[in-house]
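Take 3 as the starting number for the sequence shown in the numbering used here and just add one per residue. Note sheet for the following structure.
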Amino acid sequence: MTTKDRRITKTKKALQNSLAELVSEKDLHTITIKELTTTADVHRSTFYAHYVDIYELYDEVENMVIHELSELIETNFSLEFSMYYQILFDYVEKNQQFCKMLFSNHITHSFFDRLTSLFKNACLKSWCILLNTTEVSADLDYLAQYHLQGCFGMIRKWSEANFVYPKEKMPHLLSIIDTSLTNIINKELQKKEEHPF
């Protein structure tokens with residue numbers, strides 16, 4: 003990587019981090035370029051050399067997080083629950099500022115829609131493997147939706163509390179919930195097999 007590339011990367015990182023800091027405190031649409039560049043200690047013209055507006059910068063951060071989470075899920079979704087969640091919570095801890103921004107109440111629903119779709123697909127895929135079925139029933143779909151909203155709620159609470167709650171406990175809590183749900187679903191499937199009509 004050249005010196006120029008490193009400088010661009012550093013500048014973009016400063017702007018991304020500053021945006022995350024500001025959005026954690028106020029609505030995205032209320033943030034000005036002046037406020038952002040002052041926080042990032044970057045000249046206004048430098049900002050416009052890379053972005054059209056703040057929304058383009060926000061989209062870049064959202065796309066980056068979704069891409070990184072997609073890769074983590076694709077690589078690790080088949081692991082045992084607690085290990086899988088450990089990897090995801092390690093990512094959240096390492097990217098606290100971005101996650102705090104994206105789980106705040108100051109952004110649009112686009113991130114949550116994409117995050118829900120991403121994790122729901124992985125959740126259903128994982129459950130189908132564990133339950134040895136290829137059928138995604140309406141029941142399974144609703145349970146996945148319920149489970150995901152609970153997971154996201156826990157992460158939001160962890161974020162709002164500045165990640166004070168021990169990270170090691172979070173995967174354990176979620177793996178207990180996942181195991182319980184899987185057992186319930188498995189029992190229901192067995193009932194249907196025993197009494198199909």
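By construction, the Cβ of each residue, glycine as well, lies at the ideal position given by its N, Cα and C atoms.
Since I believe residue 125 is in contact with residue 138 (beta carbons under 8 Å), could you give me their beta-carbon distance rounded to a whole number of angstroms? So it is not a contact: roughly 10 Å between Cβ atoms.
Drop a sphere of 10 angstroms on the beta-carbon of residue 102, count the other beta-carbons inside from all chains shown, and report buried for 16 or more, exposed for fewer. Residue 102 is buried by the Cβ-count criterion.
Determine the DSSP secondary structure at residue 168, reduced to helix, strand or coil. Under the three-state reduction of DSSP, residue 168 is assigned to coil, being neither helix nor strand.
Three or more C-beta pairs below 8 Å linking the segment 97 to 114 and the segment 35 to 53: Three or more Cβ pairs closer than 8 Å define a contact, and the segment 97 to 114 falls short of that threshold against the segment 35 to 53.
Can you check whether the CB of residue 21 is closer than 9 Å to the CB of residue 59? Yes, these two residues count as a Cβ contact at 9 Å.
If residue 122 and residue 140 are in contact, beta carbons under 8 Å, what's the gap, nearest whole angstrom? That pair is no contact at about 14 Å.
Based on Cα-Cα distance, which residue from 169, 168 and 114 lies nearest to residue 150? Checked all of 169, 168 and 114; the closest Cα to residue 150 is 114.
Assuming residue 92 is part of the alpha helix (DSSP H), what are its boundary residues? Taken as a continuous stretch (DSSP letters only), the alpha helix (DSSP H) holding residue 92 covers 83 to 96.
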